[in-house]
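J.: The structure's right below; bear with me while I get my questions together.
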Amino acid sequence: MNWFKDKNVNLDVLKKKAFNYRWAEVGEGIIPLTAADPDYPCAPSIKKAMMDYIEDGYFSYTPKLGLPEFKTSFSNYVLRRKQEKIDPEYVLPVDSAARAMYIIAEAFLNEGDEMLVFDPCDYLFREACLAAGGTAVSVPVSMDPVSRKMDLSKIEACITPRTKMIGLCNPHNPYGLTYSVEDLDYIMSICEKYHLYIMNDEIWSDLIYPDSDFNSIYCLGNERCHRVLSVFGYSKSFGLAGLRIGALYATDSNCFKKLVDASQVMSTAGGATSISQIAAIAAMNTTEEWFSAWMKHLTKNRDYAVEFINQIHPLKAYKPKGTYLLYVDISELGMSALEFTEYIKKEVNLAIIPGGHQFFGSESEGHVRICFATSFEILSEGLNRLKKGVEKLTSTQ
Ligand SMILES: Cc1ncc(COP(=O)(O)O)c(C=O)c1O
Numbered sequence: 230m231n232w233f234k235d236k237n238v239n240l241d242v243l244k245k246k247a248f249n250y251r252w253a254e255v256g257e258g259i260i261p262l263t264a265a266d267p268d269y270p271c272a273p274s275i276k277k278a279m280m281d282y283i284e285d286g287y288f289s290y291t292p293k294l295g296l297p298e299f300k301t302s303f304s305n306y307v308l309r310r311k312q313e314k315i316d317p318e319y320v321l322p323v324d325s326a327a328r329a330m331y332i333i334a335e336a337f338l339n340e341g342d343e344m345l346v347f348d349p350c351d352y353l354f355r356e357a358c359l360a361a362g363g364t365a366v367s368v369p370v371s372m373d374p375v376s377r378k379m380d381l382s383k384i385e386a387c388i389t390p391r392t393k394m395i396g397l398c399n400p401h402n403p404y405g406l407t408y409s410v411e412d413l414d415y416i417m418s419i420c421e422k423y424h425l426y427i428m429n430d431e432i433w434s435d436l437i438y439p440d441s442d443f444n445s446i447y448c449l450g451n452e453r454c455h456r457v458l459s460v461f462g463y464s465k466s467f468g469l470a471g472l473r474i475g476a477l478y479a480t481d482s483n484c485f486k487k488l489v490d491a492s493q494v495m496s497t498a499g500g501a502t503s504i505s506q507i508a509a510i511a512a513m514n515t516t517e518e519w520f521s522a523w524m525k526h527l528t529k530n531r532d533y534a535v536e537f538i539n540q541i542h543p544l545k546a547y548k549p550k551g552t553y554l555l556y557v558d559i560s561e562l563g564m565s566a567l568e569f570t571e572y573i574k575k576e577v578n579l580a581i582i583p584g585g586h587q588f589f590g591s592e593s594e595g596h597v598r599i600c601f602a603t604s605f606e607i608l609s610e611g612l613n614r615l616k617k618g619v620e621k622l623t624s625t626q
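Residue 230 is where the sequence shown starts when you use my numbering, and the numbers rise one by one after that.
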């Protein structure tokens, strides 16, 4: 079954329903390769599970700590796919991965506590810390363009007596990197030395290419992970962003209790909707075939896009090991990332995400991020526009 044909992207629907810098928010004629949200509909088995649930017509309260099936499905899923041993008792469904990050910060940071945030990295790490009254301390983590390894050597110098937590985005958005066991061991050793908590975000961990591996921090053994507070989400792998569903998980009972308290699920003010939990359960239990087809499609898109962009002088695209995001160096064009994305939108009707403080931290200036979770047809049209825009710019320079 080919779920990922060009014609399966329904632009009429996307233009009504896909927000957050995407089809419903950009002007007519603009192609958005922006927010990390697929252009394809979710797996049919997820849709069916939701329809079956709706059929009964009951939308009663759920258990405060989540549907038991969500918790066991999650525990089985991460064991099967990533060899993570997580007790279902320490899994909590919440209304998005973003919320899970905010809850972790709220539970473990006090006013003025410092959190180390890699720069570049997704802005949610910084924002979660700030929302909890913490101070976000940027750790510059450059990437070697040849080995594609992240430089972790500056972490320790950023630690002060107020440092309480470090953010780990694994795989890393926007670099598309995964971490080696040695990298994770190094990060963990620092956390052990300074008694730091780890905000471990694995939302991208399903989206790993056949030529790469994913190592979770839990591969170091649960004994070392009692201060690891983890996040998973269903927006990226399964296209369920609008359902606002994610999971918080841990291995230590005291830490988990703190997360539950901060989540406000016990008062019913927090938590994930029943229908979203049902969708996530179906995502974890019924999408294996669909998901391999999705990865096959994404691999084709990735390989095409990286090669194509690297032929556009003077851009440089890094081949991601995971995620469906391309991190592209535009620094030789001699304009800021924001100037470039504005120019490209106006000149060739293509929307992409600029590097710089707002989305990924100031170390990402001189770069843009391109999402390729779309049809081959839309991607190639988008990249042709990028080429045309850059050629126009360089021919007049
Ligand atoms: C690293 C990372 N964490 C969290 C999120 C937010 O996911 P959700 O839609 O589940 O809030 C994103 C979305 O781009 C992300 O890239």
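Don't be surprised by glycine CBs; every beta carbon is placed ideally from N, CA and C.
Could I get the ranges of all uninterrupted alpha helix (DSSP H) runs contained in the segment 286–339, with 4 residues as the minimum, in chain order?
T.: Qualifying alpha helix (DSSP H) stretches, in chain order: 297–311 and 326–337.
J.: Our contact map puts K314 next to Y426 with C-beta atoms below 8 angstroms; I'd like the distance itself, whole angstroms only.
T.: Going by Cβ atoms, the distance from K314 to Y426 rounds to 20 angstroms, so no, they are not a contact pair.
J.: Name, in chain order, the residues that DSSP records as bridge partners for G585.
T.: G590
J.: Following a CB-centred definition, is M330 positioned closer than 8 angstroms to any heavy atom of ligand 1?
T.: Under cutoff, so the answer is yes.
J.: Which residue marks the beginning of the beta strand (DSSP E) containing L527, and which one marks its end?
T.: Following the DSSP letters along the chain, one finds L527 in no beta strand (DSSP E) but inside the alpha helix (DSSP H) bounded by residues E517 to N539.
J.: Give the residues whose C-beta lies closer than 6 angstroms to at least one heavy atom of ligand 1, in chain order.
T.: A265, S325, A326, A327, D351, L353, C398, N402, D430, I432, G462, S464, A470 and G475
J.: For the segment 345–356 against the segment 478–497, do three or more pairs of beta-carbon atoms, one drawn from each stretch, fall closer than 8 angstroms, so that the two count as touching?
T.: no
J.: Could you please give the first and the last residue of the uninterrupted alpha helix (DSSP H) stretch that includes R355?
T.: Annotation for R355: the continuous alpha helix (DSSP H) segment containing it runs Y352 to A360.
J.: Note down, in chain order, each residue of its chain lying with its Cβ closer than 6 angstroms to the Cβ of T291, except the 5 sequence neighbours on either side.
T.: Correct list, in chain order: S503.
J.: Count the other CB atoms within 10 Å of the CB of K234; is the residue buried (16 or more) or exposed (fewer)?
T.: exposed
J.: So R328 and G475 are supposed to be a Cβ contact under 8 angstroms. How far apart are they, rounded?
T.: 6 angstroms
J.: Roughly how many angstroms lie between the CA atoms of E343 and D435, to the nearest whole one?
T.: Each residue's Cα considered, the two are about 30 angstroms apart.
J.: With H, G and I counted as helix, E and B as strand and the rest as coil, what does DSSP make of R453?
T.: helix
J.: Tell me which residues share the same chain as E606 and place their Cβ nearer than 7 angstroms to its Cβ, disregarding the 5 neighbours each side in the sequence.
T.: D235
J.: Roughly how many angstroms separate the alpha carbons of M230 and S521, rounded to a whole number?
T.: Those two C-alpha atoms are separated by around 11 angstroms.
J.: Would you tell me roughly how many angstroms separate the C-alpha atoms of P390 and E411, rounded to the nearest one?
T.: Computed Cα separation, rounded: 26 angstroms.
J.: Tell me whether D414 sits in a helix, a strand or coil according to DSSP, three-state version.
T.: helix
J.: Kindly list the residues whose CB is nearer than 8 angstroms to the CB of Y282, restricted to its own chain and excluding five residues on each side of it in sequence; keep chain order.
T.: S503, I504 and I507
J.: So the candidates are T515, H596 and G295; which of them puts its Cα closest to the Cα of E568?
T.: Checking every option, the nearest Cα to that of E568 belongs to H596.
J.: Consult DSSP for M280 and reduce its assignment to one of helix, strand or coil.
T.: helix
J.: Taking 8 angstroms as the cut-off, does the segment 267–276 touch the segment 413–429 (at least 3 CB pairs, one atom from each stretch)?
T.: no
J.: Taking S492 as part of the alpha helix (DSSP H), name the residues at either end of that continuous run.
T.: S482 to S492
J.: Is the CB-CB distance between G396 and F337 below 9 angstroms?
T.: no
J.: Which whole-angstrom value is the C-beta distance of Y404 and R531, which I expect to be below 8 angstroms?
T.: Y404 to R531, Cβ: 14 angstroms. No contact.
J.: Assuming P583 and A566 are in contact, meaning their beta carbons sit under 8 angstroms apart, how far apart are those beta carbons, in whole angstroms?
T.: That belief holds up - the Cβ atoms of P583 and A566 are roughly 4 angstroms apart, short of 8 angstroms.
J.: Using 9 angstroms as the threshold, is the C-beta distance between S466 and Y478 below it?
T.: Against a cut-off of 9 angstroms, the Cβ pair of Y478 and S466 comes out as no contact.
J.: What residue range does the alpha helix (DSSP H) around V597 cover?
T.: For V597, there is no enclosing alpha helix (DSSP H); the residue is found in the beta strand (DSSP E) stretching over H596 to C600.
J.: Where does D380 land, buried or exposed, given buried means 16+ other C-beta within 10 angstroms?
T.: exposed
J.: What's the gap between the Cα of E318 and the Cα of T480?
T.: 9 angstroms
J.: DSSP three-state call for A508: helix, strand or coil?
T.: helix
J.: Under three-state DSSP, which class holds T392?
T.: Looking at T392 - three-state DSSP - the assignment turns out to be strand.
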